[in-house]
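Under full-length UniProt numbering, the residues of the sequence shown are numbered 1 to 332, in order. Don't be surprised by glycine CBs; every beta carbon is placed ideally from N, CA and C.
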Amino acid sequence: MKDNNPYFYLASSQLFPFTASIQTDRRDTDLLAIAQEALALVEAGHTADALDLYSTTIEKHPQLPFFYACRSLLNTHLGDEEGAFYDYQIAKKLDFNYHNFLEWQENTGAMHLAPELEELNEEMKQNDSSSQSFINRAMLWVQHFDYEQAIDDYSLALAIADNPEVRISRAAVFMRMLRYDMALMDLNAAIGLDPKLHMAFLYRAKLFVAVREDDAALADFEQALQLAPDNIEIFEERASYYERIEDWRAAIADYNQVISRNPTDFYCYVLRADAYERVEDWQEAIADYDEAIRLNPHYSDLYQYRGTLKQKIGDEDGAARDFNTFEDLEQE
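As structure tokens, then:
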């Protein structure tokens, strides 16, 4: 990991407005100094100045999701839901973990405790808690968007017994919180404890993808596949990475591997069809939509997608039939 990687250090800084996260006091890069200054403006009530600073920085660095997320949170506070949603969409597109983070900010503390969580809390009060009980409760906290509590419980489980799989689970929560520094520490530790654990390499690859460390991501995907050559999730995640960098042929090759191992999942064909569209291989894309429709004939959007492609190859009658089917299904 490069020390000067802004995708990594900005997220890890937690310098977001209106959050309870533990924030860094680092100012050793221009971007961190800007994040600190904008946050100070927000906390002093100078929201218009903060908004201007976020906007100016976004104009200069449109590839960084961090400042879109900051502006989204500020716009939410100011009641500009349209502006907040616009920034959320861009941040999400640049790094899906920002979707998880902003969803967490929106929902934290808003959900009632599920009965199973209340029961587990009572049971743990009355009995000595095992490592597994902390793990079970951590998973429930995640479902309730209470990520800090989940981290605490995973940490308590690790204090009882250091376990690489628990470290992966905690790293996954850290990634949802955009604590990339802590996630990387856990994943490195998990690999140190068990270098044959393919999920540790997969999650670290996903982290490297998020922070644009492409060579490291590809190396970890490859290592994960060497350890688990038939694992569908690895091929899916690498295909998604190839799509992001617009290497459509590589994405198609990975979707081929997914489909060969799971030929009855209609959505795999949809994903490969989209990749075929990007390279203008209309016939292969149509063939994939044919199979997706055979597997899931009531998914209306598939007919619209296929109809559009049939128009491209001059099949107006076929396109019209697909568009009619789409309309019929939409009205059901």
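**Item:** the segment 233-252 contacting the segment 274-285, beta-carbon criterion three pairs below 8 Å
**Value:** Two segments are said to touch when three or more pairs of C-beta atoms, one from each, lie closer than 8 Å; by this definition the segment 233-252 touches the segment 274-285.
**Request:** Take every Cβ of the segment 117-126, pair it with every Cβ of the segment 88-104, and state whether three or more of those distances are shorter than 8 Å.
**Result:** Three or more Cβ pairs closer than 8 Å define a contact, and the segment 117-126 falls short of that threshold against the segment 88-104.
**Message:** Could you tell me which whole alpha helix (DSSP H) segments of length 4 or greater appear in the UniProt repeat "TPR" (232-265)?
**Reply:** Counting whole runs of 4 or more residues, the UniProt repeat "TPR" (232-265) contains the alpha helix (DSSP H) stretches 232-244 and 248-261.
**Prompt:** Does DSSP classify M177 as helix, strand or coil?
**Reply:** Taking the sequence shown and counting its residues from 1, one reaches residue 177 at position 177. M177 carries a coil assignment under DSSP once its states are collapsed to helix, strand and coil.
**Request:** Using 10 angstroms around the beta-carbon of A210, count the other beta-carbons present and answer buried if the total reaches 16, otherwise exposed.
**Result:** Here residue 210 refers to the residue found at position 210 when the sequence shown is read from its first residue. In the assembly as shown, A210 is a buried residue. Its beta-carbon has 16 or more other beta-carbons within 10 Å.
**Prompt:** In chain order, which alpha helix (DSSP H) runs of at least 4 residues are fully inside the segment 97-155?
**Reply:** Taken in chain order, the whole alpha helix (DSSP H) runs of length 4 or more contained in the segment 97-155 are 97-107, 115-126 and 131-143.
**Asked** In three-state DSSP terms, what is V270?
**Response** Here the question's residue 270 lines up with position 270 in the sequence shown. V270 falls in the helix class under three-state DSSP.
**Message:** So, does the segment 256-264 touch the segment 222-232, judging by three or more C-beta pairs under 8 Å?
**Reply:** Yes, they touch.
**Request:** Kindly indicate which three-state DSSP category K206 falls into: helix, strand or coil?
**Result:** Along the sequence shown, one-based indexing puts residue 206 at 206. In the three-state reduction of the DSSP assignment, K206 falls in the helix class.
**Prompt:** Exposed or buried, what is A50 when buried is set at 16 or more other beta-carbons lying within 10 Å of its beta-carbon?
**Reply:** As a position in the sequence shown, residue 50 is number 50, starting the count at 1. Flag for A50 reads buried.
**Request:** Let me know if A161 comes out buried or exposed under the rule of 16 or more other beta-carbons within 10 Å of its beta-carbon.
**Result:** Your numbering for residue 161 matches position 161 in the sequence shown. That one is exposed.
**Request:** Just tell me which of V142, S131 and V173 has its CA closest to the CA of A159.
**Result:** Indexing the sequence shown from 1 puts residue 159 at position 159. Nearest Cα to A159 within the set V142, S131 and V173: S131.
**Prompt:** Does the beta-carbon of H198 have 16 or more other beta-carbons within 10 angstroms, so that it is buried, or is it exposed?
**Reply:** Within the sequence shown, residue 198 is the residue found at index 198, counting from 1. With 16 or more other Cβ atoms within 10 Å, it is buried.
**Asked** In three-state terms, what does DSSP make of Y299?
**Response** The residue given as residue 299 occupies position 299 in the sequence shown. The three-state secondary structure of Y299, taken from DSSP, is coil.
**Prompt:** Is the CB-CB distance between D153 and F174 below 8 Å?
**Reply:** Reading the sequence shown from its first residue, position 153 is the one you call residue 153. Reading the sequence shown from its first residue, position 174 is the one you call residue 174. Against a cut-off of 8 Å, the Cβ pair of F174 and D153 comes out as no contact.
**Message:** Just to check my reading of the structure: L64 and L53 have Cβ atoms closer than 8 Å, yes? What is that Cβ distance to the nearest angstrom?
**Reply:** Here the question's residue 64 lines up with position 64 in the sequence shown. Here the question's residue 53 lines up with position 53 in the sequence shown. In this structure, L64 and L53 do not form a Cβ contact; the two beta carbons are roughly 14 Å apart against a cut-off of 8 Å.
**Asked** Is A69 closer than 8 Å to L102 when the C-beta atoms are compared?
**Response** Stepping through the sequence shown from its first residue, residue 102 is reached at position 102. Stepping through the sequence shown from its first residue, residue 69 is reached at position 69. Against a cut-off of 8 Å, the Cβ pair of A69 and L102 comes out as a contact.
**Request:** Report the rounded CA-to-CA distance for E148 versus Y98, giving the unit in angstroms.
**Result:** As a position in the sequence shown, residue 148 is number 148, starting the count at 1. As a position in the sequence shown, residue 98 is number 98, starting the count at 1. Approximately 17 Å, taken between the alpha carbons.
**Item:** Selected residue, minimal CA-CA separation from F18, among N100, N75 and I168
**Value:** Counted from its first residue, the sequence shown places residue 18 at position 18. Nearest in C-alpha terms to F18, of all of N100, N75 and I168, is N75.
**Asked** Considering only the beta carbon of each residue, do L140 and A114 sit closer than 8 Å?
**Response** Translated into positions along the sequence shown, residue 140 becomes position 140. Translated into positions along the sequence shown, residue 114 becomes position 114. It is a contact, given that the beta carbons lie within the stated cut-off.
**Enclosing alpha helix (DSSP H) for T76 [first to last residue]** = In the sequence shown, residue 76 corresponds to position 76, counting from 1. Start and end: P65 to L78.
**Request:** Would you tell me roughly how many angstroms separate the C-alpha atoms of N188 and F8, rounded to the nearest one?
**Result:** Position 188 of the sequence shown holds residue 188. Position 8 of the sequence shown holds residue 8. Whole-angstrom Cα-Cα distance: 15 Å.
**Prompt:** Alpha carbon to alpha carbon, how far is F145 from N100?
**Reply:** Working through the sequence shown from its first residue, we reach residue 145 at position 145. Working through the sequence shown from its first residue, we reach residue 100 at position 100. The alpha-carbon separation between F145 and N100 amounts to approximately 10 Å.
**Message:** What does the alpha-carbon distance come out to for the pair A275 and Q257?
**Reply:** Mapped onto the sequence shown, residue 275 falls at position 275. Mapped onto the sequence shown, residue 257 falls at position 257. Rounded to the nearest angstrom, the two C-alpha atoms are 14 Å apart.
**Item:** Rounded separation between F67 and N324 - CA only
**Value:** Here residue 67 corresponds to residue number 67 of the sequence shown, with the count starting at 1. Here residue 324 corresponds to residue number 324 of the sequence shown, with the count starting at 1. Here the C-alpha atom of F67 lies approximately 44 Å from the C-alpha atom of N324.
**Beta carbon of R272 nearer than 8 Å to that of I293** = As a position in the sequence shown, residue 272 is number 272, starting the count at 1. As a position in the sequence shown, residue 293 is number 293, starting the count at 1. Not closer than 8 Å, so no.
**Prompt:** With 16 as the cutoff for other CB atoms within 10 Å, does F221 come out buried or exposed?
**Reply:** As a working mapping, residue 221 is identified with position 221 in the sequence shown. F221 sits buried, since 16 or more C-beta atoms from the chains shown fall within 10 Å of its C-beta.
**Request:** Less than 8 Å between the CB atoms is what I'm expecting for L73 and Q105, so what's the real figure, rounded?
**Result:** Stepping through the sequence shown from its first residue, residue 73 is reached at position 73. Stepping through the sequence shown from its first residue, residue 105 is reached at position 105. Correct: roughly 7 Å between the Cβ atoms.
**Request:** Can you tell me which of F235, Y203 and A138 puts its alpha carbon nearest to the alpha carbon of L184?
**Result:** The count along the sequence shown starts at 1 and reaches residue 184 at position 184. Nearest of F235, Y203 and A138 to L184, Cα basis: Y203.
**Per-residue DSSP class, three states only, for K196** = Locating residue 196 in the sequence shown gives position 196, counting from the first residue. Three-state DSSP puts K196 in coil, outside helix and strand.
**Asked** Taking the alpha-carbon positions, what's the D288 to L302 distance?
**Response** What you label residue 288 is simply residue 288 of the sequence shown in a count that begins at 1. What you label residue 302 is simply residue 302 of the sequence shown in a count that begins at 1. If you take the alpha carbons of D288 and L302, they lie about 10 Å apart.
**Message:** Would F326 and Q304 be called neighbours here (beta carbons separated by less than 8 Å)?
**Reply:** Looking up residue 326 in the sequence shown gives position 326. Looking up residue 304 in the sequence shown gives position 304. For F326 and Q304, yes; Cβs fall inside 8 Å.
**Request:** Just tell me which of S13, N5 and D315 has its CA closest to the CA of R179.
**Result:** The residue labelled residue 179 in the question sits at position 179 within the sequence shown. Selected option, being the one with the closest Cα: S13.
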